[in-house]
Amino acid sequence: KWGADLLRLWVASQDYTADVRMSENVMTQLSEAYRKLRNTFRFALGNLADFDTSDAVLDAEMEELDRWMLARAAELVRDCRRWYEAFEFHRVFHALHDFAVVDLSAFYFDVLKDRLYTYAPRNRARRSAQTAVYRIASALLRLAAPLIAFTAEEIWKHFPRRAGDPESVHL
């Protein structure tokens with residue numbers, strides 16, 4: 393009924409040091425969280441449609457907000473890698489979800505819409521936003537791949553890649 397990725401996400405979201413809960417309500421809430429993660433990637437892919445990795449803006453030339461969000465994403469990556477190493481998958485899931493919903497969707501993506509939708513395609517400020525979205529989405533996709541394996545692979549097929557990037561997100 394729920395699919396393999398949602399079941400994997402449920403397992404990863406549980407703190408295995410305490411009692412594990414499973415119910416229709418838990419899965420319904422989790423499917424909403426999964427949908428929000430998917431929508432985050434959908435927004436990123438939609439705004440990277442005309443972006444090639446050769447269009448990327450150098451860090452020193454990026455808008456301040458974009459650099460700040462990249463720094464926040466780097467903190468998330470550092471924390472999630474540490475939690476993966478400690479087998480604290482529930483912390484990875486919750487951090488990814490919170491970052492996608494609060495930091496990205498409710499704030500950053502909302503602010504970026506003007507730059508992404510109204511600026512000229514080759515405008516440096518627009519390319520700065522696309523560079524940040526590309527780098528953040530790439531990091532989130534790699535962090536989420538163990539949790540939502542099939543969805544991550546599907547996203548990877550449509551994600552802008554550099555020469556030499558692996559054929560699969562799992563590689």
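Quick note on this note's numbering: the sequence shown kicks off at 393 and runs consecutively. Note that beta-carbon positions come from the ideal geometry of N, C-alpha and C, so glycine has one too.
Segment limits, alpha helix (DSSP H) that includes S423: Segment 416–439, the alpha helix (DSSP H) holding S423.
*Can you tell me whether DSSP reads A448 as helix, strand or coil?*
coil
CA-to-CA distance, L462 to A396, given in whole angstroms
31 Å
Tell me the rounded alpha-carbon separation between L533 and S497. 16 Å
message = I'd like to know if the stretch 467–479 and the stretch 497–506 are in contact, where contact means that at least 3 CB-CB pairs between them fall below 8 Å.
response = Result no; under three Cβ-Cβ pairs closer than 8 Å.
> Between T432 and Q522, what straight-line distance do the alpha-carbon atoms span, to the nearest angstrom?
Replying inline: 14 Å
| To which residues of the same chain is L429 closer than 6 Å at the C-beta, ignoring the five residues directly before and after it? | A492
Taking the alpha-carbon of D407 as reference, which of W460, H482, P552 has the nearest alpha-carbon? H482
In terms of alpha-carbon separation, which member of H562, A524, S560 lies closest to F573? Residue 573 falls outside the range modelled here, since the chain spans only 393 to 563, and no answer is possible.
Roughly how many whole angstroms lie between the Cα atoms of D557 and F551? 11 Å
*asked:* Closest to A555 by C-alpha separation, out of T420, L457, D495, D444, would be which residue?
replied: D444
_Boundaries of the alpha helix (DSSP H) in which Q522 is found, first to last residue_ = Here the alpha helix (DSSP H) through Q522 covers 516–536.
Alpha carbons only, please: which of R400, W402, E455 is nearest the one belonging to S520? If we check each option's Cα against that of S520, E455 comes out closest.
Quiz item: Between I540 and L401, which are expected to be in contact by the criterion C-beta below 8 Å, what is the C-beta distance as a whole number of angstroms?
Solution: Between I540 and L401, the beta carbon gap of about 6 Å places them in contact (Cβ cut-off 8 Å).
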